[in-house]
Amino acid sequence: MLSPLGLTPSFGFGDRLGLATPGHIVSVRGTKFAPIFAQQSVRENARTGRTPQQVLDDARRAVDAAKWDAPWGADADHLKTVEDILPFVEAGYTFFTVDPGEHVDNAADSDPLSILKRKAASFINWDHLSMLYLDQNGEQVWGNFEAVSLQRAMVKYGNAIQHAVSMFQYLSELTDAFDFEVSVDETDSPTTPLEHFFIANELTRLGVRFTSLAPRFIGRFEKGVDYIGDLNALDAELAKHAAVTAHFGTYKLSLHSGSDKFSVYPLIAKYWGGLIHVKTAGTSYLEALRVLAKCTPDLFLKIYELGCEYYEIDKRTYHVSAQLDQLPSTDDLPSLLDHFHAREMLHVTFGSTLAQFGAEIKQVLMKHETAYLEGLRTHFEKHLQLLQTSA
Ligand SMILES: [Zn+2]
Numbered sequence: 042m043l044s045p046l047g048l049t050p051s052f053g054f055g056d057r058l059g060l061a062t063p064g065h066i067v068s069v070r071g072t073k074f075a076p077i078f079a080q081q082s083v084r085e086n087a088r089t090g091r092t093p094q095q096v097l098d099d100a101r102r103a104v105d106a107a108k109w110d111a112p113w114g115a116d117a118d119h120l121k122t123v124e125d126i127l128p129f130v131e132a133g134y135t136f137f138t139v140d141p142g143e144h145v146d147n148a149a150d151s152d153p154l155s156i157l158k159r160k161a162a163s164f165i166n167w168d169h170l171s172m173l174y175l176d177q178n179g180e181q182v183w184g185n186f187e188a189v190s191l192q193r194a195m196v197k198y199g200n201a202i203q204h205a206v207s208m209f210q211y212l213s214e215l216t217d218a219f220d221f222e223v224s225v226d227e228t229d230s231p232t233t234p235l236e237h238f239f240i241a242n243e244l245t246r247l248g249v250r251f252t253s254l255a256p257r258f259i260g261r262f263e264k265g266v267d268y269i270g271d272l273n274a275l276d277a278e279l280a281k282h283a284a285v286t287a288h289f290g291t292y293k294l295s296l297h298s299g300s301d302k303f304s305v306y307p308l309i310a311k312y313w314g315g316l317i318h319v320k321t322a323g324t325s326y327l328e329a330l331r332v333l334a335k336c337t338p339d340l341f342l343k344i345y346e347l348g349c350e351y352y353e354i355d356k357r358t359y360h361v362s363a364q365l366d367q368l369p370s371t372d373d374l375p376s377l378l379d380h381f382h383a384r385e386m387l388h389v390t391f392g393s394t395l396a397q398f399g400a401e402i403k404q405v406l407m408k409h410e411t412a413y414l415e416g417l418r419t420h421f422e423k424h425l426q427l428l429q430t431s432a
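With the numbering used here as the guide, the letters of the sequence shown map in order to residues 42 to 432.
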């Protein structure tokens, strides 16, 4: 049954081809996670040439065929403007992820005090906020807020919060039962625990009933590969973020670019238990390419070559660091899909690849349906098990 999932632990499976849901179903069955089987961003739909309705129909077909009778959700991911919303509501989506990243003032992190002060003064509610967050001496009421850190948080996120409020209000006029997520994971700089608190507190104060929030954490959460950074530092930082979410207790921590972060899952489980939402997107597409590498190596090699050609252009809106001159040789095909540089390169060039080879790829996957299902099962069982194992 397609429905909002509330605070149930949940896991999002993006599916760029419309053929992965059977594999997602066998992976998630019997776990504590409620699945999001349909999840596409506006950016992904533009690159795959699919509509919100098609994405949902593909998932629903598989759900019906597998007789999945538990709740599942559909995520309209990374909505940036009010205009993005309506097609997803009309198609019946249940989960709306708002990405107000374009309204974040990243310079606030390093603005000199004079500029910061001028920017803060332009917010009409500055006096009101000072009263809420600082005591008469300008000292913190909660956490480490003092005038300067409050100014930085407000200048950096104030407009983004307003935008999220507008998006929520517009959605509320269109539909009444939905999950609402606010994601700032694609901003230029990490979200500090203090900023996390500020965002959550402002959203709550302004009447936004959000079910999950996705901060940007320290280190690098790149597409389709494990965490890059100091795990001990991340551990300490997550402890502080967990204190913020525990303070509210009203929303789930959402982990974006959440696929393949095997070293991080035990930390997420340790701090949040089941109060989490994890999003994966292109990793199911990489499992599709693994089937091709095994069953139709010639087609795979054509895709690999095309990816190399388009990588520099296609990577622009993604967090990746793969370099073409670091790509492995193509002698050992299936295991090439485990190689860092190859994974990232293939991950972000899906749009160019599908434009040229989409129909052929789908044919191969339909013919080797079981291989795709088993590949997805192995891949996601590893994710879901680690998310249930505390560090
Ligand atoms: Zn994201």
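Think of the CB as a built atom: it goes at the ideal place given N, C-alpha and C, for glycine as much as any other residue.
Which of helix, strand or coil DSSP assigns to residue i
i: PHE258; result: coil
i: TRP113; result: strand
i: GLN364; result: coil
i: VAL405; result: helix
i: THR394; result: helix
i: SER304; result: coil
i: LEU275; result: helix
i: HIS468; result: Outside the shown range of the chain, which is 42 to 432, sits residue 468, and nothing can be said about it.
i: GLY53; result: strand
i: ASP229; result: coil
i: ALA75; result: strand
i: SER370; result: coil
i: GLU180; result: For GLU180, the predicted structure reports a pLDDT of 49, less than 50, and the residue's modelled location is therefore unreliable. A value from the coordinates is still provided. In this structure, GLU180 counts as coil in the three-state DSSP scheme.
i: SER151; result: coil
i: VAL249; result: coil
i: LYS264; result: coil
i: GLU415; result: helix
i: SER207; result: helix
i: LEU425; result: helix
i: LEU60; result: coil
i: LEU43; result: strand
i: ASN200; result: helix
i: LYS332; result: Residue identity check: residue 332 is Val in the sequence provided, not Lys. Correct three-state label for VAL332: helix.
i: THR216; result: coil
i: LYS311; result: helix
i: SER163; result: coil
i: TYR326; result: helix
i: LYS108; result: coil
i: LEU48; result: coil
i: ARG70; result: coil
i: THR337; result: coil
i: GLU131; result: helix
i: GLU124; result: helix
i: ARG102; result: helix
i: SER431; result: coil
i: LEU88; result: Inspection of the sequence shows that residue 88 is occupied by Arg rather than by Leu. Of the three classes helix, strand and coil, the one that applies to ARG88 here is helix, per DSSP.
Integer-rounded CB distance, given that residue j should sit under 8 Å from residue i
i: ALA115; j: PRO63; result: No, ALA115 and PRO63 are not in contact; Cβ-Cβ is about 17 Å, not under 8 Å.
i: THR286; j: LEU294; result: 5 Å
i: HIS360; j: GLU263; result: 5 Å
i: PRO45; j: PHE136; result: 7 Å
i: PRO50; j: ALA75; result: 7 Å
i: ALA149; j: ARG193; result: 5 Å
i: ILE344; j: LEU330; result: 7 Å
i: LEU60; j: LEU406; result: 5 Å
i: GLU243; j: ILE202; result: 5 Å
i: GLY416; j: MET386; result: At roughly 19 Å, the Cβ-Cβ gap does not stay under 8 Å, so GLY416 and MET386 are not in contact.
i: GLU227; j: ASP140; result: 7 Å
i: SER230; j: ASN147; result: 6 Å
i: VAL189; j: VAL249; result: About 26 Å separates the two Cβ atoms, so there is no contact after all.
i: PRO93; j: ALA117; result: 7 Å
i: ALA412; j: VAL332; result: 5 Å
beta-carbon residue i near ligand 1 non-hydrogen atom, thresh 6 Å
i: ASP226; result: yes
i: HIS297; result: yes
Residues sharing a beta bridge with residue i, DSSP
i: THR138; result: GLU222
i: ASP118; result: SER82
i: THR321; result: PHE54
i: SER295; result: HIS318
i: ILE269; result: ARG261
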